[in-house]
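In the UniProt record's numbering, the protein residues as written are 1 to 107.
Where a beta carbon is used, it is the ideal one built from N, C-alpha and C, also for glycine.
These notes concern the structure reproduced below.
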């Protein structure tokens, strides 16, 4: 449901940007450090939107990678803690299994 809502908002935003861009087709002068150039305002608007979307995409991707790594770390910690709990709940059984494995290895 959340994904569908995000897609709908994204489409509405894209439509608004497209309408705004179409309404602003006059040429503008873009100044940068070593010079300037003239280009239609629609190009400036669309390139700004695309650049902003790429920045959001990469920052979100980095957050996602960090969260996945943290989740894996926590899952390993849970497994270790569960193993420690099992060992404390039945220490005799674990020792018995270890002794049987040692006997099997020595034969």
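- Residue range 2-23 is occupied by the alpha helix (DSSP H) that includes residue 6.
- Each of 7, 34 and 45 was checked against the Cα of residue 25, and the nearest Cα belongs to 45.
- The Cβ-Cβ distance between residue 55 and residue 42 does not fall below 9 Å.
- DSSP places residue 34 in the coil class of the three-state scheme, outside both helix and strand.
- Where residue 82 is concerned, the enclosing alpha helix (DSSP H) starts and stops at 41-89.
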